[in-house]
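Per the numbering used here, residue 105 is the first one in the sequence shown, and the count goes up by one each step.
Have a look at the structure below before the remarks.
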Amino acid sequence: MVARKEIIILNGGGHKGIVKVSGVTGKDGAAKVSCSLDFRPNGAKLYLIGDNIAQMALNNTNCEAEVAFSAKSEIGCVLRSSSITMFGGSGSKSEMLKRIDTYQHELNLSESDAQGGSKAQKSRAYGSAGGGENVHGDYNGERPSENKSVKTAEAKPANEAAAEVKDAPQREGRAYVDASARADVNPLGEWTKYDGNNFYYAVKPQIDEMFVCYPEEEILVSTVPNSKWVRVDAEDGYYVVGLLYDEDEPSFICYGVPQIKSDAPVKAPPELQNMCVWLPVNVSESVSGYWIIYQSAKTGEIIK
């Protein structure tokens, strides 16, 4: 089965992030995961939801790990911490939270069993003979590996987990209901189809990815009111991508290239002629301005 790569945009709590998953197949195996966030997480966990559930601890704005994960088709993604929950990928938020709580419940049971086994082993090793004498001299006091219990829980098929939840005590079931009720609802959905009147929201996942992955273009942010911009480096220079806002609503999606200061006359690049508008700047020693293409956030039409 051919391995594939997925890019998932995370949104929630006023923050954004991007998750890249590679090596994903429909069979049990390892997948490589990288997560980039626009904030530093504090005790957060990232959950991948497919045929099974895999989790990854996040302790920095950029984290990488290899996890046991498989998915025949869609992948859901949830970041959870004590103060924020972010969602991305496919699947309803309530269902993803329910599956995570089911998975965590199973994981807790597995760890409880492992700790019980450890206590029994220690009891056998340290008998009461001779007033607490160590009967088995080869006991080293180690506990069963927590990673082993995690791997066991992750490998459990989803249908078995669902069956066990069905038979779980009512108080556990109530916890799942409460978690589902807390899920934020995005009326536009993560992936919105273009209907001729919502161009920005149709391409929003790709735009969000760029604003997470690339650095801010400070020259344009300070020059153009109520806007944000990023700089994308390319082989022959760089270009910029921006959003202009009418209050809190995007009004234009912008693309541009810089005009490097020189003695040559200011002239638009041939490939942008008849499409771009000259935007001069006075805050840079190296750039005299930018040639900008303005695209309507509503219709996608190029505006001059």
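For each residue, glycine too, the CB sits at the ideal point set by N, CA and C.
Residues of the same chain with a CB within less than 7 Å of the CB of residue 186, apart from the 5 flanking positions on each side, are 147 in chain order.
According to the DSSP assignment, residue 377 belongs to no beta strand (DSSP E), since it is labelled neither H nor E.
For the pair residue 360 and residue 304, the CB atoms are not nearer than the 8 Å cut-off.
Around the beta-carbon of residue 363, 16 or more other beta-carbon atoms lie within 10 Å, marking it buried. Residue 327: member of the alpha helix (DSSP H) spanning 322-327, first to last residue. For residue 309, the enclosing alpha helix (DSSP H) stretches over residues 303-317.
Using a Cβ-Cβ distance cut-off of 8 Å, the region 121-140 and the region 170-180 are in contact, since at least three pairs of beta carbons, one from each stretch, lie closer than that value. In the DSSP assignment, residue 356 falls within the beta strand (DSSP E) that extends over 353-364. In the three-state scheme derived from DSSP, where H, G and I count as helix and E and B as strand, residue 206 is classed as helix.
Here DSSP, grouped into helix, strand and coil, assigns residue 110 to strand. For residue 137, the enclosing beta strand (DSSP E) starts and ends at 134-141.
Fewer than three pairs of CB atoms, one per stretch, sit closer than 8 Å, so the region 373-391 makes no contact with the region 341-348.
By the 16-neighbour rule on beta-carbons within 10 angstroms, residue 184 is buried. Rounded to the nearest angstrom, the gap between the Cα atoms of residue 217 and residue 112 is 35 Å.
DSSP places residue 124 in the uninterrupted beta strand (DSSP E) bounded by 119-128. Around residue 370, the same chain offers 363, 382, 392 and 393 as residues with beta carbons nearer than 8 Å, after the five sequence neighbours per side are excluded. If you draw a straight line from the Cα of residue 149 to the Cα of residue 332, it comes to about 29 Å.
In terms of Cβ geometry, residue 117 and residue 204 do not form a close pair [threshold 8 Å].
Cβ contact annotation for residue 349 (same chain, cutoff 7 Å, sequence separation greater than five): 330, 331 and 355, in chain order. Closest in C-alpha terms to residue 140, from the list 317, 399 and 339, comes 317.
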